[in-house]
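Count the sequence shown with this note's numbering and you get residues 6 to 112, in order. For glycine and all other residues, C-beta sits at the position ideal for the given N, C-alpha and C. What follows is one structure encoded as structure tokens, with my remarks underneath.
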Amino acid sequence: MKALFFQEQKLHLIEVVEDIVSYSASSLQAQRNRYPFQAGASKDGVIAKGTTGYIIKRWRRMYFSPDANQKGIEQFTPPDQPYVLIPYKKVKNKYRIVLSFVIKAEK
Numbered sequence: 006m007k008a009l010f011f012q013e014q015k016l017h018l019i020e021v022v023e024d025i026v027s028y029s030a031s032s033l034q035a036q037r038n039r040y041p042f043q044a045g046a047s048k049d050g051v052i053a054k055g056t057t058g059y060i061i062k063r064w065r066r067m068y069f070s071p072d073a074n075q076k077g078i079e080q081f082t083p084p085d086q087p088y089v090l091i092p093y094k095k096v097k098n099k100y101r102i103v104l105s106f107v108i109k110a111e112k
């Protein structure tokens, strides 16, 4: 059972169907995600409509992991680190499933 705890399982490939505020501009996360000494590179912490990624299960919890190679990802990820895990509760009921990797058992 220990081995399953440390594994990452992709559940669904999803597309966000509405803009989601990941963090506010005054939060500590916003300060961490700033580009130092660049006034024009503002970050608003919004996961834009149309962003794709995976719903994954890791450490017995669910997360949204956005695809790193897409437009607009720099608005809610740290500089030079596009691979992030966003808690599932942020995207819950705000996405559509494009592809499911879960195999349902037949009755």
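Sub-8 Å separation of residue i and residue j beta-carbons
i, j, result
"residue 59", "residue 18", "yes"
"residue 53", "residue 85", "no"
"residue 80", "residue 51", "yes"
"residue 55", "residue 21", "yes"
Contact set for residue i: own chain, Cβ-Cβ below 8 Å, skip 5 residues either direction
i, result
"residue 13", "61, 62, 63"
"residue 95", "25, 27, 52, 69"
"residue 57", "18, 19, 20, 21, 71, 72, 75, 103"
Cβ shell of residue i (< 6 Å), same chain only, five flanking positions each side left out
i, result
"residue 87", "73, 78"
"residue 82", "89"
"residue 66", "none"
Residues of its chain near residue i, where Cβ-Cβ distance is below 7 Å and the 5 sequence neighbours each way are ignored
i, result
"residue 106", "15, 16, 17"
"residue 92", "68"
Between the region 97-104 and the region 72-89, are three or more C-beta pairs nearer than 8 Å? No, the region 97-104 does not touch the region 72-89.
Please give the ranges of any beta strand (DSSP E) in the region 62-101, keeping only runs that are unbroken, at least 3 residues long and fully inside the region. 66-71
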